[in-house]
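Engineer: Pasting a structure below so you can have a look.
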Amino acid sequence: MTLRIGNFSGFYGDRFDAPREMLTGGEVDVLTGDYLAELTMLILARDRLKDPSAGYARTFLRQLEETLGLAHERGVRIVTNAGGLNPAGLADAVRALAARLGVPVRVAHVEGDDLTARYPGALAAHAYLGGAGIAECLRAGADVVVTGRVTDAALVTGPAAAHFGWTATDHDRLAGAVVAGHVLECGTQATGGNYAFFRDSGGLRRPGFPLAELHADGSCVITKHPGTGGRVDVGTVTAQLLYETGGARYAGPDVTARLDTVRLSQDGPDRVRVEGVRGEAPPPTLKVGLNRLGGFRNEVVFVLTGLDIEAKADLVKEQMGEALAKSPPAGVRWELARTDRPDAGTEETASALLRLVVRDPSQEAVGRVLSGAAIELALASYPGFHVLAPPGKGSPYGVFEDVYVPQGDVDHVAVLHDGRRVTVDAPHDTAVLDDVPPPALPEPLPPGRARRAALGLVAGARSGDKGGNANVGVWVRSDDAWRWLAHALTVERFRELIPEARELPVTRHVLPRLRALNFLVEGILGEGVAAQARFDPQAKALGEWLRSRHLDIPEALL
Numbered sequence: 033m034t035l036r037i038g039n040f041s042g043f044y045g046d047r048f049d050a051p052r053e054m055l056t057g058g059e060v061d062v063l064t065g066d067y068l069a070e071l072t073m074l075i076l077a078r079d080r081l082k083d084p085s086a087g088y089a090r091t092f093l094r095q096l097e098e099t100l101g102l103a104h105e106r107g108v109r110i111v112t113n114a115g116g117l118n119p120a121g122l123a124d125a126v127r128a129l130a131a132r133l134g135v136p137v138r139v140a141h142v143e144g145d146d147l148t149a150r151y152p153g154a155l156a157a158h159a160y161l162g163g164a165g166i167a168e169c170l171r172a173g174a175d176v177v178v179t180g181r182v183t184d185a186a187l188v189t190g191p192a193a194a195h196f197g198w199t200a201t202d203h204d205r206l207a208g209a210v211v212a213g214h215v216l217e218c219g220t221q222a223t224g225g226n227y228a229f230f231r232d233s234g235g236l237r238r239p240g241f242p243l244a245e246l247h248a249d250g251s252c253v254i255t256k257h258p259g260t261g262g263r264v265d266v267g268t269v270t271a272q273l274l275y276e277t278g279g280a281r282y283a284g285p286d287v288t289a290r291l292d293t294v295r296l297s298q299d300g301p302d303r304v305r306v307e308g309v310r311g312e313a314p315p316p317t318l319k320v321g322l323n324r325l326g327g328f329r330n331e332v333v334f335v336l337t338g339l340d341i342e343a344k345a346d347l348v349k350e351q352m353g354e355a356l357a358k359s360p361p362a363g364v365r366w367e368l369a370r371t372d373r374p375d376a377g378t379e380e381t382a383s384a385l386l387r388l389v390v391r392d393p394s395q396e397a398v399g400r401v402l403s404g405a406a407i408e409l410a411l412a413s414y415p416g417f418h419v420l421a422p423p424g425k426g427s428p429y430g431v432f433e434d435v436y437v438p439q440g441d442v443d444h445v446a447v448l449h450d451g452r453r454v455t456v457d458a459p460h461d462t463a464v465l466d467d468v469p470p471p472a473l474p475e476p477l478p479p480g481r482a483r484r485a486a487l488g489l490v491a492g493a494r495s496g497d498k499g500g501n502a503n504v505g506v507w508v509r510s511d512d513a514w515r516w517l518a519h520a521l522t523v524e525r526f527r528e529l530i531p532e533a534r535e536l537p538v539t540r541h542v543l544p545r546l547r548a549l550n551f552l553v554e555g556i557l558g559e560g561v562a563a564q565a566r567f568d569p570q571a572k573a574l575g576e577w578l579r580s581r582h583l584d585i586p587e588a589l590l
């Protein structure tokens, strides 16, 4: 017995027509849509401040207007976290839409994640719930299930538990579904999108969305509809498995999945078998994501062209420093990006960018103070003075923090399609999360000739954000490359290659079955993506920067 679960959204703003593509491209039993990220929750919180009836992903309603009838005809159930901060409101809107369209669907929702009232000063505080509430809704016959903040994998564990009759102690089976859910959650990242070896991905211009063929034992095959773009192979699945994860224990409210037990194998064209996943009891606590207003920020980017780039940068820093000293903002950050080239053939390639970012609790301190000082330099600074855009009044920015509460402190409720409210009990079997002992490393390669070259010629990487931290997963595609990587890319070498990490805590996790290393860099993103603390605020390209760095690589691998 196989359950085919497909994904049609990896973020709020993903491909609009993906639900129709998934419904018409092949067989599928359940469609999941993931709309929520840490930044999305802040955006929805600000929407709700303006309109208390808002707080959910309105795009989902527009997508459903075009596809609800089709899904009903084909017997496809839809599970989505598009409810955001207002799952009840979205569920009502879906019912109204279904009535207008004349489509007789049963709509349920899950609530209990909203803990904002417990955290004064927070714009939004939401616990990451598991899939048990979703399962209750589906067992009662719901066709559409809307949730608020659940874990991304819960969109798969819920339908799988309902379909196969799993209980809370079926840890291995649930862990297999968690792994499947983690692969599906970011949509086309599993089918060649954002893939390090993208030139091998074939038809990447419009990759298809992924689906998982789940089995009762928790194993699955990751695939996609026939004829869609991109590809599914061990490499694309490995990359997504490493995305925004940490060590061998991948904890969630339903189960802790052991990523060090995952076995991947090619099962034919665009088919990857995932099996062997072991599960453990979930931790006794739930993660709660807190979003709050951090203050106001403003920025200006000065364009420095031609000769004397460093001297020009020093001059404008000195001039701006004098102006800002009269009413200094709480935070001032300068970044010089040397995008210029000598003897350049275009003005753009002859120019460097000097970025100034200021932050303060007061909008006034980052508004006119900055814009006036910058624009007044137009005729009084370095030769060729101009900016990419004039600074504005300053805009609010958010900060993210995660805290933890006991699972039993959250009122997890499934609101069924007939209005009945079913309380979802917290798991009785829990286990405190401990680190897994480091596994044995493979035998190193024998000594031989080496050549200075980019790491990316041998290794792939994928990186992402978790609050103020970032992870960089690095993997290779052969056993010999693994024998080299496991010994060559230490924490010390990582810090050499990524200077930003030199003063930060860096932890290396070894995953031999994936031939992968996962580096967690704490604090590199400051107070989270919404705070925009660095050039790449979500660390999406941190892995590609690492791949571009040079080190001594055995010639046998090149």
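The opening position of the sequence shown corresponds to residue 33 in this note's numbering, with each subsequent residue numbered one higher.
Backbone N, C-alpha and C fix where the C-beta goes; we use that ideal spot for every residue, glycine too.
Are the CB atoms of residue 556 and residue 532 within a distance shorter than 8 Å?
Structural biologist: yes
Engineer: Look at the alpha carbon of residue 94 and the alpha carbon of residue 311, and state the distance between them as a whole number of angstroms.
Structural biologist: 38 Å
Engineer: So, with DSSP's three-state summary, where would you put residue 213?
Structural biologist: helix
Engineer: Mind listing, in chain order, the continuous alpha helix (DSSP H) runs of no fewer than 4 residues lying wholly within the region 307-390?
Structural biologist: Counting whole runs of 4 or more residues, the region 307-390 contains the alpha helix (DSSP H) stretches 341-356.
Engineer: Give me, in chain order, the residues of the same chain whose beta-carbon lies closer than 8 Å to that of residue 277; leave out the 5 immediate sequence neighbours on both sides.
Structural biologist: 214, 291, 503, 505 and 550
Engineer: Specify whether the region 222-232 and the region 264-273 touch according to this definition: at least 3 beta carbon pairs, one from each stretch, less than 8 Å apart.
Structural biologist: yes
Engineer: Using DSSP with H/G/I as helix, E/B as strand and the rest coil, what is residue 432?
Structural biologist: strand
Engineer: Measuring CA to CA, which of 534, 520 and 421 is closest to residue 21?
Structural biologist: Because the chain in this structure spans residues 33 to 590, residue 21 falls outside the shown range and cannot be described.
Engineer: Please work out which residues of its chain come closer than 6 Å, Cβ to Cβ, to residue 195, disregarding the five sequence neighbours upstream and downstream, and give them in chain order.
Structural biologist: 35
Engineer: Restricting to runs no shorter than 3 residues, where is the beta strand (DSSP E) found entirely within the region 461-511?
Structural biologist: 482-486, 491-498 and 501-508
Engineer: Should the region 148-155 be called in touch with the region 121-136, which here means at least 3 C-beta pairs below 8 Å?
Structural biologist: Three or more Cβ pairs closer than 8 Å define a contact, and the region 148-155 falls short of that threshold against the region 121-136.
Engineer: My output table needs one value for residue 41: the three-state DSSP class, helix, strand or coil.
Structural biologist: Taken through DSSP and simplified to helix, strand or coil, residue 41 comes out as strand.
Engineer: How many angstroms separate the CA atom of residue 37 from the CA atom of residue 255?
Structural biologist: 10 Å
Engineer: In this structure, does DSSP put residue 169 in helix, strand or coil?
Structural biologist: helix
Engineer: With a cut-off of 8 Å on the beta carbons, I'd call residue 245 and residue 66 a contact; round off their distance for me.
Structural biologist: Not quite, the Cβ-Cβ distance comes to about 19 Å (not below 8 Å), so this is no contact.
Engineer: Comparing C-alpha positions only, which one of 554, 316, 373 and 354 sits nearest to residue 463?
Structural biologist: 316
Engineer: Going along the chain, which residues of its own chain have a beta-carbon closer than 7 Å to the beta-carbon of residue 554, five neighbours each way excluded?
Structural biologist: So the qualifying residues of the chain are 501, 536 and 537.
Engineer: Just the Cα atoms here: how many angstroms apart are residue 156 and residue 69?
Structural biologist: 13 Å
Engineer: Please report how far the alpha carbon of residue 452 lies from the alpha carbon of residue 193, in whole angstroms.
Structural biologist: 20 Å
Engineer: Let me know the secondary structure DSSP gives residue 241 once reduced to three states.
Structural biologist: coil
Engineer: Helix, strand or coil: how does DSSP classify residue 257 here?
Structural biologist: In the structure shown, residue 257 sits in coil (DSSP, three-state: anything other than H, G, I, E or B).
Engineer: Taking Cβ positions, are residue 358 and residue 434 nearer each other than 8 Å?
Structural biologist: No, Cβ-Cβ distance for residue 358 and residue 434 is not below 8 Å.
Engineer: Flag this pair as touching only if the region 387-394 and the region 350-370 have three or more C-beta atom pairs under 8 Å; answer yes or no.
Structural biologist: Flag = yes, the region 387-394 and the region 350-370 touch.
Engineer: Sort 431, 517, 91 and 413 by Cα distance to residue 326 and report the nearest one.
Structural biologist: Closest option to residue 326, judged by alpha-carbon separation, among 431, 517, 91 and 413: 431.
Engineer: Can you tell me which of 56, 469, 383 and 115 puts its alpha carbon nearest to the alpha carbon of residue 419?
Structural biologist: 383
Engineer: Mind checking which residues open and close the beta strand (DSSP E) that includes residue 528?
Structural biologist: Element bounds for residue 528: not the beta strand (DSSP E) but the alpha helix (DSSP H), 523-529.
Engineer: In angstroms with no decimal places, state the Cα-to-Cα distance between residue 75 and residue 355.
Structural biologist: 33 Å
Engineer: Under 8 Å between the Cβ atoms of residue 499 and residue 587?
Structural biologist: no
Engineer: What are the residues that DSSP puts in a beta bridge with residue 196?
Structural biologist: Bridge pairing for residue 196: absent [DSSP].
Engineer: Mind checking whether residue 409 and residue 487 have CB atoms under 8 Å apart?
Structural biologist: no
Engineer: In angstroms, rounded to a whole number, what distance separates the CA positions of residue 240 and residue 57?
Structural biologist: 10 Å
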